[in-house]
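Protein chains: 2
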Amino acid sequence: MPPAAKRPLATDATGRPVRPALTREYIVRAALAILDRDGPAGLSMRKLGAELGVNPMAFYHHLPNKGALFDGVIEAAYAELDVDIDGPDGGWRNILAAFARGLYDVLRRHPHVVPLVATRPAYSPAVLGVADRALGALGRSGFADRDLLVMVNALRSFTIGHVLAETGDPAGGPVPAAADAAVLLGDYPNLARAITGGHRPQEQFEQVLAALLDGFDRWPRRAGT
Amino acid sequence: MPPAAKRPLATDATGRPVRPALTREYIVRAALAILDRDGPAGLSMRKLGAELGVNPMAFYHHLPNKGALFDGVIEAAYAELDVDIDGPDGGWRNILAAFARGLYDVLRRHPHVVPLVATRPAYSPAVLGVADRALGALGRSGFADRDLLVMVNALRSFTIGHVLAETGDPAGGPVPAAADAAVLLGDYPNLARAITGGHRPQEQFEQVLAALLDGFDRWPRRAGT
DNA sequence: ACCTGAACACCGTTCAAGT
DNA sequence: ACCTGAACACCGTTCAAGT
Numbered sequence: 036m037p038p039a040a041k042r043p044l045a046t047d048a049t050g051r052p053v054r055p056a057l058t059r060e061y062i063v064r065a066a067l068a069i070l071d072r073d074g075p076a077g078l079s080m081r082k083l084g085a086e087l088g089v090n091p092m093a094f095y096h097h098l099p100n101k102g103a104l105f106d107g108v109i110e111a112a113y114a115e116l117d118v119d120i121d122g123p124d125g126g127w128r129n130i131l132a133a134f135a136r137g138l139y140d141v142l143r144r145h146p147h148v149v150p151l152v153a154t155r156p157a158y159s160p161a162v163l164g165v166a167d168r169a170l171g172a173l174g175r176s177g178f179a180d181r182d183l184l185v186m187v188n189a190l191r192s193f194t195i196g197h198v199l200a201e202t203g204d205p206a207g208g209p210v211p212a213a214a215d216a217a218v219l220l221g222d223y224p225n226l227a228r229a230i231t232g233g234h235r236p237q238e239q240f241e242q243v244l245a246a247l248l249d250g251f252d253r254w255p256r257r258a259g260t
Numbered sequence: 036m037p038p039a040a041k042r043p044l045a046t047d048a049t050g051r052p053v054r055p056a057l058t059r060e061y062i063v064r065a066a067l068a069i070l071d072r073d074g075p076a077g078l079s080m081r082k083l084g085a086e087l088g089v090n091p092m093a094f095y096h097h098l099p100n101k102g103a104l105f106d107g108v109i110e111a112a113y114a115e116l117d118v119d120i121d122g123p124d125g126g127w128r129n130i131l132a133a134f135a136r137g138l139y140d141v142l143r144r145h146p147h148v149v150p151l152v153a154t155r156p157a158y159s160p161a162v163l164g165v166a167d168r169a170l171g172a173l174g175r176s177g178f179a180d181r182d183l184l185v186m187v188n189a190l191r192s193f194t195i196g197h198v199l200a201e202t203g204d205p206a207g208g209p210v211p212a213a214a215d216a217a218v219l220l221g222d223y224p225n226l227a228r229a230i231t232g233g234h235r236p237q238e239q240f241e242q243v244l245a246a247l248l249d250g251f252d253r254w255p256r257r258a259g260t
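Protein chains in written order, with the numbering used here: chain A, 36 to 260; chain B, 36 to 260.
Below, the structure written as structure tokens:
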């Protein structure tokens, strides 16, 4: 990829770059910004150090290792996930749809973070808190707690899988950019026919989300709504 | 991780290690075996060279770079996906379920490959062929071609997302092994209640698979079955 | 307590050289 | 054509030293 004309991550009123105190919070936010801007190849401890004008080793006083940096980045991205749980219509269907759409939007805003959230478990209070409050709100639906958790996990898995296919970074370097045309070459007529008209990933996401919720609708529940 | 008592990948009748001719096929199979045995940290060009008794640079005569090696590994894993498309009951529901379960089984057999198939597009003839034949068989169902492709992609996304959560390698090194207990600490009562009784991922997979198919069942279709 | 500099043990890949 | 050896430009992380 091209050098990409880097601007400093923060400047003061006169345009001079400014470096706030080195904290876990500040390091993690800078890491997320770099990941968004340059992708995974741009986020090394050394490059992060250069960007922040600091010796790369300084980070190890605030984070045990690079994995912890990744977990912080995941946390920072999840912090943008603000699902309106007690909105005007608190029906289970709306709550689950809002959760799935909220996650979808956050992940599409940070495509380079998707492979991280897809594979690293997130135990930050923010994530656990949202999940817990959502389950509480969903309790009024009459579904069993176990089933509610299965629903949330299913929506999470599908959404992540979908965004990975849509925009995820290829693990282990860019793909050879081949064969894409082979599909259209007539060797696979059924595939070719089904693909005509483009992909429209967002429409497909909504279509499958509705199907999933329709499926959940048939699961057993107590008196509730 | 521990050194893990490595055996040679192939031996002759007397137990002496044997090295077949260096071909793309042989390199890729060895890479998959190492990935299965040692995980991603064990699969470097240098270690692969040591394992096969060959200079790491020799691989570059058969593969352009490590990304191509990964694509070969994906291909080798997908080759195990053998969905019985024209089985005794060729109804669309059975075909889609067989596809999802087949993919689920293959991925669980090669957990370290999951992050690769999740993020790198696979255009090998094997994959395209299966998809094309499946779409052909599903054509008798009366669903629109576009919708059939949406179904297959949805099952793929959900299955991959599910297996990632179940067994995937954390991208960027192992996770700090923390906080797991925090969930049970009573800070999140709804979560704690929903989790009691363990995870049983395979049951959840089947439960959600059924829900998805139930949802698809309501989509419009022509005369068909 | 917080940051630095040198060093260690790795990477993928290029390139010139050998057969 | 296929493989080798040395070299380049990187990594994450440890450790002793500075303030």
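Even for Gly, the Cβ is constructed at its ideal location relative to N, Cα and C.
- Any beta-carbon of chain A closer than 8 Å to the one on B:Ala133? Chain A, which has no Cβ nearer than 8 Å to the Cβ of B:Ala133, makes this no.
- Quick one: using the 10 Å Cβ neighbour count with 16 as the cut-off for buried, is A:Ser176 buried or exposed? buried
- Straight-line Cα distance separating B:Trp254 from A:Lys101: Rounded to the nearest angstrom, the gap between the Cα atoms of A:Lys101 and B:Trp254 is 46 Å.
- Item | Nonlocal neighbours in the same chain, by C-beta distance under 8 Å from B:Ala172, ignoring five residues either side | Ile120, Asp121, Gly125, Ile130
- Query: So, are the CB atoms of A:Ser192 and B:His197 less than 8 Å apart?
  - Reply: yes
- Task: Counting only the same chain and skipping the five closest in sequence on each side, list residues whose C-beta sits under 6 Å from that of A:Ala214.
- Result: Per-residue confidence for A:Ala214 stands at a pLDDT of 49, beneath the threshold of 50, marking its modelled position as unreliable; no derived number is given.
- Item | Continuous alpha helix (DSSP H) stretch holding B:Ala111: start and end | Boundaries of the alpha helix (DSSP H) around B:Ala111: 101-113.
- Can the beta-carbon of B:Gly207 be found less than 8 Å from the beta-carbon of A:Leu151? Yes, Cβ-Cβ distance for B:Gly207 and A:Leu151 is below 8 Å.
- Grouping DSSP H, G and I as helix and E and B as strand, with all else coil, what is A:Thr58? coil
- Could you give the distance in angstroms between the alpha-carbon of A:Ala133 and the alpha-carbon of A:Ala114? 16 Å
- Item | Local conformation of A:Thr231 per DSSP, three classes | coil
- Message: So, under 8 Å CB-CB, A:Ile62 and A:Phe94 are touching, yes? Tell me the CB distance rounded to an integer number of Å.
- Response: 6 Å
- Does the count of Cβ pairs from the region 224-242 of chain B and the region 180-187 of chain A closer than 8 Å reach three? As far as the Cβ criterion goes, the region 224-242 of chain B touches the region 180-187 of chain A, which means the pair count is three or higher.
- Taking the Cβ atom as the reference point for each residue, do A:Gln237 and B:Asn188 lie within a distance shorter than 8 Å? no
- Message: Considering Cα atoms alone, identify which of B:Leu190, B:Ile195, B:Pro224 is closest to A:Gln242.
- Response: B:Leu190
- Integer Cβ distance of A:Leu247 from B:Ala246, believed to fall under 8 Å: Between B:Ala246 and A:Leu247 the Cβ distance is about 6 Å, and since that is below 8 Å, they are a contact.
- Query: With a CB to CB cut of under 7 Å and the five nearest residues on each side skipped, what residues in its chain are close to A:Leu138?
  - Reply: Leu116, Arg191, Thr194
- The alpha helix (DSSP H) with B:Pro33 in it runs from where to where? A query on residue 33 of chain B cannot be resolved here, the shown segment of chain B reaching from 36 to 260 and no further.
- CB contact below 8 Å: B:Ala214 versus chain A: Here B:Ala214 scores only 49 on pLDDT, less than 50, and its place in the model should not be relied on; the value that follows carries that caveat. Closer than 8 Å: yes.
- Please determine, among B:Trp127, B:Leu78, B:Asn225, B:Arg235, the residue with the shortest C-alpha to C-alpha distance to B:Asp180. Minimum Cα distance to B:Asp180 is reached at B:Trp127.
- Item | Pair within 8 Å by beta-carbon distance, B:Ile109 and B:Arg59 | no
- Examine the ligand SAM and report whether any of its heavy atoms sits within less than 7 Å of the Cβ of B:Pro150. No copy of the ligand SAM appears in this structure; indeed no ligand is present at all.
- Item | Any C-beta of chain A under 8 Å from that of B:Pro146 | With a threshold of 8 Å between beta carbons, B:Pro146 makes no contact with chain A.
- Positions along the region 232-248 of chain A whose CB lies within less than 8 Å of some CB in chain B: Residues passing the 8 Å Cβ filter: Gly232, Gln239, Gln242, Val243, Ala245, Ala246, Leu247, Leu248.
- Message: Is B:Ile230 close to chain A? Criterion is C-beta to C-beta, closer than 8 Å.
- Response: yes
- Message: Counting only beta-carbon separations shorter than 8 Å, does A:Ser192 have a partner in chain B?
- Response: yes
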